[in-house]
Amino acid sequence: MIKIYDGPRSGHCHRVRLAARLMGVPFELISVADMPGGRDGAAYLEINPFHQIPAIDDGGIIIRDSIAILIYLADRYDQTGRWYPRDPQTRARVNEWFGTAAGHLFRGPNMARLIKVFNMPGDHEAAVAVANQLFTVMNAHLDGRTWLVGDGPTLADVACYSYIRLADEGEVDVAPYANVVAWLAAIEGLENFLPVARG
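Positions 915 to 1113 (the numbering used here) are the ones given, in order, by the sequence shown.
Okay, structure coming up:
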């Protein structure tokens, strides 16, 4: 059973929990906040010297960074190749959305939420503008399709889901983007779906 070093309100952590659930990978959650010193404590710095969550321990194999973890879980546990397709073109399309998750998603919906919920310094208006740009592109991309890549769900959907579902916490409205709203519902309809923590 893998150990996920977790923070319940982190979208980065949720995407790892969600991927594991969707792939049927058993896991144990370890709250980093409950470890001595939290992310700054010596025990966690042995796991991830960058102080960031999530990280996993799979029988002594330590992986940090949520996207790296998604790829590892798919390569190790998804024998069907469904979640991270093996053909180069489709995999490249999934990787493009990984870049979107690290770029527009991080600087848009995620940043707006950090500013509003966690009082992080930043330009909320700019973050909302980035979020709306992202949603405009996604809405057009999803016209006539259910998933971001191909005919079924992939890690592209998993990587992008959490912070878009939480966009309202950052005072970003997803409702005008009907295709994005339908995409969220499609993910939430998957077998073994795991809701994101709010609050």
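Where a beta carbon is used, it is the ideal one built from N, C-alpha and C, also for glycine.
- For R953, no beta strand (DSSP E) segment is defined, and its DSSP state is neither H nor E.
- Looking from the CA of W1011, the closest CA among I1101, R1059, D1001 and V1063 belongs to V1063.
- With respect to the C-alpha of L984, the residue from A956, T1050, V930 and Y1077 having the closest C-alpha is V930.
- Counting along the chain, A969 sits inside the beta strand (DSSP E) bounded by residues A969 to D972.
- Annotated three-state conformation of S924 is coil, per DSSP.
- Exclusion of the five residues before and after L987 leaves A933, A934, M937 and V939 as the residues of its chain whose Cβ lies within less than 7 angstroms of its Cβ.
- Between the alpha carbons of S1076 and A982 lies a gap of roughly 16 angstroms.
- Residue state for R1000 is assigned as coil, using DSSP reduced to three classes.
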